[in-house]
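Visitor: In the working numbering, the protein residues as written are 190 to 254. The C-beta atom is built at its ideal place from N, Cα and C for all residues, glycine as well.
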Ligand code: FES
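(1) Cβ of residue 199 versus every heavy atom of the ligand FES: is any distance shorter than 8 Å?
(2) Looking only at DSSP bridge pairs, what is residue 203 linked to?
(3) For residue 246 and residue 253, what's the separation of their Cα atoms in angstroms?
(4) Determine the DSSP secondary structure at residue 238, reduced to helix, strand or coil.
(5) Is the CB-CB distance between residue 215 and residue 206 below 9 Å?
Okay, structure coming up:
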């Protein structure tokens, strides 16, 4: 199985890299992609995808401990 990585960009979406199936709340496939940009700010109008609405309105930086 190929490795999938998820990066929490600073003040921006999660970027998922690697062949990934995105499922809805009932387990149905929404789409299969090699790279996803998933909203984590809650402001997108195109959930679950980031639509850029976070810009200048969301601050969250995740760091390894
Ligand atoms: S992270 Fe980009 S719109 Fe939410």
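Guide: Reading off the structure:
(1) Within the chain shown, the letter at position 10 stands for residue 199. No - the ligand FES has no heavy atom lying nearer than 8 Å to the Cβ of residue 199.
(2) Residue mapping note: residue 203 aligns to position 14 of the chain shown, counting from 1. BP columns for residue 203 point to 197, 227.
(3) Mapped onto the chain shown, residue 246 falls at position 57. Mapped onto the chain shown, residue 253 falls at position 64. The straight-line gap from Cα to Cα measures roughly 23 Å.
(4) As a working note, residue 238 is residue 49 in the chain shown. It is a strand residue.
(5) Position 26 of the chain shown, counted from the first residue, corresponds to residue 215. Position 17 of the chain shown, counted from the first residue, corresponds to residue 206. No, Cβ-Cβ distance for residue 215 and residue 206 is not below 9 Å.
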